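This report refers to the structure that appears directly beneath it.
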Amino acid sequence: MGLRRPTGNLTDSSMADRRASRPWTVRVAAWSARHRWPVVALWFLLTIGLFVGSLAMGGTLTADAVDEEASEDPTYEAARAYDLFGASGTRDTTHRTLFVVGDPVRTLDDSAYASDLDDILARMAAHSTVVDGTAEPTFAEVVDPRLAPPEAGLVSPDRTTVRISAALPGDGAELDARLGSLRGFLAEARAAHPGLRIHSLDGTLANDDIQELVNGGLDASLRLTIPLTFLILVVAFGALIAAIVPLVLAATALLAAFGVLGIYSQTIDPVSPYASQLIVLIGLAVAVDYSLFMITRYRTERRHGRPKPDAIRVASATAGRAVFFSGLAVMFSIAGLFLLDDVLFQSMAIGTISVVLIAVIGSLTFLPATLAILGDGVDRLRVPFLGRHRPEGSGMWAVVVRAVMRRPVIAFIAAASLLLAIAVPTLRLHLGQSDFASFPDSIDAVQGVNLLDEKWPEGSTLALQVVVTHADQPGTQAAIETLAARLLEVDGLSGPTETQPSADGTVALLSVVMAGGQNDLRNREIVREVRETIVPEVFGGMSGVEALVTGRAAFTTDVVDFYSDGMPQVIGFVLALSFVLLLVAFRSIVIPIKAILLNLLSTGAAFGLLVFVFQDGHGADLLGFKPGPIEAFVPVFIFTILFGLSMDYHVFILTRIKEARDHGLSTNEAVARGISITAGTITSAAAIMVTVFAVFVTLELVIIKQLGFGLAVAVFLDATIVRSVLLPATMRLLGEWNWWLPPFLRWLPEVTIEGDVDEREVESPPVAVHSPT
19 MGLRRPTGNL
29 TDSSMADRRA
39 SRPWTVRVAA
49 WSARHRWPVV
59 ALWFLLTIGL
69 FVGSLAMGGT
79 LTADAVDEEA
89 SEDPTYEAAR
99 AYDLFGASGT
109 RDTTHRTLFV
119 VGDPVRTLDD
129 SAYASDLDDI
139 LARMAAHSTV
149 VDGTAEPTFA
159 EVVDPRLAPP
169 EAGLVSPDRT
179 TVRISAALPG
189 DGAELDARLG
199 SLRGFLAEAR
209 AAHPGLRIHS
219 LDGTLANDDI
229 QELVNGGLDA
239 SLRLTIPLTF
249 LILVVAFGAL
259 IAAIVPLVLA
269 ATALLAAFGV
279 LGIYSQTIDP
289 VSPYASQLIV
299 LIGLAVAVDY
309 SLFMITRYRT
319 ERRHGRPKPD
329 AIRVASATAG
339 RAVFFSGLAV
349 MFSIAGLFLL
359 DDVLFQSMAI
369 GTISVVLIAV
379 IGSLTFLPAT
389 LAILGDGVDR
399 LRVPFLGRHR
409 PEGSGMWAVV
419 VRAVMRRPVI
429 AFIAAASLLL
439 AIAVPTLRLH
449 LGQSDFASFP
459 DSIDAVQGVN
469 LLDEKWPEGS
479 TLALQVVVTH
489 ADQPGTQAAI
499 ETLAARLLEV
509 DGLSGPTETQ
519 PSADGTVALL
529 SVVMAGGQND
539 LRNREIVREV
549 RETIVPEVFG
559 GMSGVEALVT
569 GRAAFTTDVV
579 DFYSDGMPQV
589 IGFVLALSFV
599 LLLVAFRSIV
609 IPIKAILLNL
619 LSTGAAFGLL
629 VFVFQDGHGA
639 DLLGFKPGPI
649 EAFVPVFIFT
659 ILFGLSMDYH
669 VFILTRIKEA
679 RDHGLSTNEA
689 VARGISITAG
699 TITSAAAIMV
709 TVFAVFVTLE
719 LVIIKQLGFG
729 LAVAVFLDAT
739 IVRSVLLPAT
749 MRLLGEWNWW
759 LPPFLRWLPE
769 VTIEGDVDER
779 EVESPPVAVH
789 SPT
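In structure tokens:
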């Protein structure tokens, strides 16, 4: 390639003025390139230091994946009920555990089976745990189910299965020691009675198993996503060194985000058990994508003959600024989640925002410094065939775009109809909350719950509870008895009824057995009926008496209502933010409206597929999950992330379209050129995101499967149907109206996302640069 000759003659003072007038993002990148070695060293020091610092503080504290009572969040009536009961005196804090023991065939009337149960109970009585150097009994208050009254429900109707309740004395380290010996007792009991089904229903053990599953899935996802991402980058760049750089940025950004999350959990609140996986899910995708945009533009400028410093500057002024804008869009969109007052949910948002912020900072500092160090070495270790230079605007997507723009009406109707059809199942979206039954069967507690559901179809562990104040007054006591009778008349509720007084006797906790699961729509109807009809009828005339409905089904109802009621606020915030950002960036009222509508189409289609697969169960055996409701927070989380991520592609494409139009091309020509020349980069970026998200569908936790699947299909639809069909079709149909700005908005400031490239600003002597072959 020949020499590029700068035009004009810039003095030192004019050059300094130009530097000062550049956007701060470009100045930061240029400074990082000039101080490349200290910047790279400082980057590794800070990112790895954050991670090491969090480990020194104790690592990441996580909340339980499944809370058997309720959240401490006072937003929910179900949680306030427990708080009210506990505030009236010291609640019973004894740790209770439950064993489920069943025989496939024999009943309790079989003497051999009865002998087996005697042996298990004797082992429980004899089992000991070393506490402070002394062997003490592991269990207390062991209940022989055969001696309990029938209404206690400890023996299954077919008499093949029993529930053995026990307490674990002590707290703190003493309780931890006894919990640690539970697994040993289970192993001994199973070895002694291999023909029996013996499972533990202990919340602490179950949550430990779930956390281990989460951590194992995190490791498995990294082992799979990193090699796949590297292969896609090799195909995209055609050079091994260029493919390694984005992975280095991604790895350091992940470490730093893990550090931020760990420090937050140690100093403020425990975080969601899924927060770490979300950091990997989003962080790996955006960090690699941002690197892809930057490195691609840098290599393009080098092929066009720009010296290394100028190629870095141009890459930072164009792709770098687009990355900065896109990163802000992602972070601001996710920040909409803070409108929902849920501590665990906000911890997921903090982790996700942290990794995006760190990836953006790295794109503006670490990447320019690394490119300054590598120079043309970024193209080293080229792969035969893949390493050849391809003309801009060539390839499959260029052909598709030209075909779409020849028949824009047909293309628009066909693509929009397809996305609307896919979105139809969203109309029957059923939100819920994870319980033990939704987790993989590899967890012992899940097997125990399955056995309970099989042997106690009328219900066993699910309870509807009502906390009533002033329970020490005769009138209130009579009302509680009336309430118990009314509850037993409700289809789906059954005995035994239990009334537990608080420590000071002023508050009572009334419990009845509830059939089915906590996500059943019928149980939500029951909760609402009790709250809105039965409780007011029983206690409505009693001044000062408060009756709050709680239990796991009530808590799930509160959680689902919380997210359902809060989602319009989040959607409104994200849509308004997207509109303002695009309005200011492109000085057009048409582009933001159109972008929002197109994003809503792809998001709706993603929700429709989410319902079709995970709620309806299509492909359940293939993907390895149990069909059920969509986790309550998943749709709002997917919505905020997708609207942020979709900015990447829209901004990247639209800025190149606007750049071409500003250089004199018509709108139609600019659209064709802008989409064609970005097609390769966008396709590679989308392939990376889809791959990262799709890998999470292979993990065992259904919540992570839902998030990964929803994001993967939405990005795929956005990068194919929306980008290659709907976007060019709508821009072709609207023509010059795409850039229309009403007169009353002409006061908006001139803000450019992707800086124009001015050859007069080339500061270094022209050099000959050969295209890679």
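Quick note, the sequence shown lines up with residues 19 to 791 if you use the numbering used here. Every residue, glycine too, gets a C-beta built ideally from N, C-alpha and C. These numbers were taken from a predicted model, which means no experiment stands behind them.
Asked, Found
"Buried/exposed call for R750, threshold 16 Cβ in 10 Å", "buried"
"Buried or exposed by the 16-neighbour rule on C-beta atoms within 10 Å, applied to W474", "buried"
"Segment limits, beta strand (DSSP E) that includes F276", "Looking at the DSSP string, F276 is not in any beta strand (DSSP E); the run it does join, the alpha helix (DSSP H), is 258-285."
"Beta-carbon proximity of H302 to A268, cut-off 8 angstroms", "Here residue 302 is Leu; the residue named in the question, His, does not match the sequence. Their beta carbons are under 8 angstroms apart, which means L302 touches A268 by this criterion."
"In DSSP terms, what F117 is bridged to", "I182, S218"
"In chain order, each alpha helix (DSSP H) run of at least 4 residues that lies wholly inside the stretch 437-488", "462-473"
"Inter-residue CB distance, T247 and V298 (contact presumed, cutoff 8 angstroms)", "T247 to V298, Cβ: 12 angstroms. No contact."
"N-terminal and C-terminal residue of the beta strand (DSSP E) that V563 is part of", "Unbroken run through V563: none, as it is neither H nor E."
"Touching by the beta-carbon criterion (3+ pairs, under 8 angstroms), the stretch 308-319 and the stretch 110-120", "no"
"Alpha-carbon spacing of V578 relative to L506, whole angstroms", "26 angstroms"
"Simplified DSSP assignment, three categories, for G171", "coil"
"A526 - containing beta strand (DSSP E), residue span", "525-532"
"Beta-carbon contacts of V743 that lie in its chain and below 7 angstroms, excluding the five residues immediately before and after", "V422, A429, A433"
"Candidates L279, L251, V278, R201, of which the one nearest V266 by Cα", "L251"
"Cβ-based neighbour list, L385, same chain, cut-off 7 angstroms, excluding 5 preceding and 5 following", "L267, S309, M312"
"Span of the alpha helix (DSSP H) around A333", "326-333"
"Whole-angstrom distance between G323 and R400, CA atom to CA atom", "20 angstroms"
"Nearest to R425 (by Cα), restricted to the options D101, T748, T156, T78", "T748"
"Contact the stretch 326-341 vs the stretch 271-285: 3+ CB pairs below 8 angstroms", "no"
"Proximity below 8 angstroms, CB of V556 to CB of T517", "no"
"Span of the beta strand (DSSP E) around G513", "511-519"
"Best match in M665, G493, H217, T738 for proximity to L469 [C-alpha to C-alpha]", "H217"
"Residue burial classification, I611 (beta-carbon count within 10 angstroms, cutoff 16)", "exposed"
"At least 3 beta-carbon pairs within less than 8 angstroms: the stretch 93-104 vs the stretch 163-178", "no"
"Euclidean distance between Cα positions of S582 and D127", "50 angstroms"
"Under the three-state DSSP convention, the category L193 falls into", "helix"
"One or two residues paired with I297 in a DSSP bridge", "DSSP lists no partner for I297."
"Spatially closest choice to S294 from A732, I722, F727, L135, by CA coordinates", "I722"
"Backbone CA spacing between V710 and L601 [nearest angstrom]", "31 angstroms"
"T178 CB to nearest heavy atom of the ligand NAP below 7 angstroms", "In the structure shown, the ligand NAP is absent, as is every other ligand, since no ligand is present at all."
"contact_flag[the stretch 376-392, the stretch 617-627] where n(CB pairs < 8 angstroms) is 3 or more", "no"
"Sequence-distant residues of the same chain with beta carbon closer than 7 angstroms to H488, five excluded per side", "T494, T524, G562, V563"
"Opposing strand residues paired with R400 [DSSP bridges]", "A257"
"Same chain, Cβ closer than 8 angstroms to L355, neighbours up to 5 away in sequence not counted", "F363, Q364, M366, A367, V588, V654, F655, T658"
"Range of the contiguous alpha helix (DSSP H) that encloses V608", "608-628"
"Given I371 as reference, the closest of D453, F276, V464 once Cα atoms are compared", "F276"
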